[in-house]
Amino acid sequence: MKPLLKSVFLLLLFSWTVKADVVVIVNPLGPDHLSQSQVKKLYLGKSKYLPELGKAYIIEMTDGDTIRTEFHAKVTHKSAAQLQAYWSRLIFTGKGKPPHTVRTPELILSLVASKSNAIAYIDESLVDDRVKVAYRP
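The structure is reproduced here in structure tokens:
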């Protein structure tokens, strides 16, 4: 029994230590720094504008992605079910539209690099010189 518990403990420890670090990225022409409040408002549809750039093009990973789960846990403090309910309510009342969803980090990098008003989040290890980090939760 003890070897089984040890194996489970090591597996949990390993899965905890390999957890990705999520960062919020913008186009190199975008803001140098965003606060948690600004990012949270953008991703919950309470704000639609990036400082000095106008209307933001907000991008996020598709539902079920681990980076999406981590981002929302750290920034908006909402679970997947809470987000679904939140956006359903806003869409139904005509008060909001959810961010654009993308399936791959490569597409996120490409979109953020090509749109000056884009904002997204990805695993920090994937950031390259086409984008810049504006917020680290």
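Per my numbering, the sequence shown starts with residue 125, numbered consecutively.
In this text, a Cβ means the ideal position worked out from N, Cα and C, and glycines have one as well.
Model, not experiment: these values are computed from the prediction.
Check your understanding: What residue does the alpha helix (DSSP H) around K198 start on, and which one ends it?
Key -> Here residue 198 refers to the residue found at position 74 of the sequence shown. Segment T190 to K198, the alpha helix (DSSP H) holding K198.
Exercise for review: Tell me, please, whether the segment 154 to 161 touches the segment 203 to 221 by the rule of three or more beta-carbon pairs shorter than 8 Å.
Suggested key: no
**Study point:** I183 - partner residues in DSSP beta bridges
**Key:** The count along the sequence shown starts at 1 and reaches residue 183 at position 59. DSSP, once it has assigned bridges, lists H224 as partnering I183.
Practice item. Leaving aside the five residues before and after T200 along the sequence, list all residues of the same chain whose C-beta is less than 7 Å from its C-beta, in chain order. Key: Sequence index remark: in the sequence shown, residue 200 carries index 76 (1-based). These residues qualify, in order along the chain: K164, Y167 and L168.
Review point. Would the beta-carbon of D247 fall within 7 Å of that of I191?
Key: Translated into positions along the sequence shown, residue 247 becomes position 123. Translated into positions along the sequence shown, residue 191 becomes position 67. Going by C-beta atoms, D247 is nearer than 7 Å to I191.
Practice item. Measure the C-alpha to C-alpha separation of Q208 and D187 and round it to an integer number of angstroms. Key: Working through the sequence shown from its first residue, we reach residue 208 at position 84. Working through the sequence shown from its first residue, we reach residue 187 at position 63. Between Q208 and D187, the C-alpha separation is close to 9 Å.
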